[in-house]
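In what follows, a structure is listed as structure tokens, so that the remarks can point back to it.
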């Protein structure tokens, strides 16, 4: 479990098992690749067999989450190729100082200007998943492990993984608009009267921390105003100073 202050500080995150550091991207940096692309890449990186029915897990033997990811990335249909591009974009944000390439049994990260090469593989991938979940899943209101890709692999394994977000599951539709970060940044900027440029320098974790605290404080203020106005039988609000990270 990562330290809350480490996440709230916006610092990069140690990834000990791979001898790497994961960059904690800001909303502005995510904007370079596009919110939809980033979230689809993050969603694909989070693929897990844990949400398969028990009867299907038996048939997977010692197949790991990383094995499933590599199989998805090898799919050649158009939707899977788009997912592959989104994964590479997300990884480029998380490891900006490295050239990323897909190998048969690993994802290689070569440090720019050096011969140093590091790997995401079966041995360290679940630790990587746990880190990025804590970086990006805070208070989104979604279940981050849900995933349902398309393609031939889906008919065998990943089709049984539930969808995390309906919009993200249909990226091939031009009408789809994903605006989680941009919408919440706008809400927080307006509600707290903070320049939106400053909000865009937040990481997703910082954004959702502030948003949840703002919601709690707003509910508390409304409760106090209603009490002073003589309202009765009001439900006590949640403590706006409570731990919002538990």
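Numbering (the working numbering), first residue to last: 499 to 744. Where a beta carbon is used, it is the ideal one built from N, C-alpha and C, also for glycine.
Item: Within 9 Å, strictly: CB atoms of residue 604 and residue 581; Value: no
Item: Straight-line gap, residue 647 to residue 598 (C-alpha atoms, nearest Å); Value: With a pLDDT of 40 at residue 647, under the threshold of 50, the modelled position of that residue is not reliable, and no figure is offered here.
Item: Sub-9 Å separation of residue 567 and residue 616 beta-carbons; Value: no
Item: Unbroken beta strand (DSSP E) run spanning residue 615, endpoints; Value: 615-618
Item: Rounded distance between the beta-carbons of residue 724 and residue 732, thought under 8 Å; Value: 6 Å
Item: Backbone secondary structure at residue 515 - three-state DSSP; Value: helix
Item: Rounded separation between residue 600 and residue 738 - CA only; Value: 46 Å
Item: Backbone CA spacing between residue 736 and residue 722 [nearest angstrom]; Value: 12 Å
Item: Residue 511 versus residue 704 - alpha carbon distance; Value: 14 Å
Item: Residue 525, enclosing alpha helix (DSSP H) - first and last residue; Value: 525-531
Item: Cβ shell of residue 593 (< 8 Å), same chain only, five flanking positions each side left out; Value: 518, 520, 521 and 607
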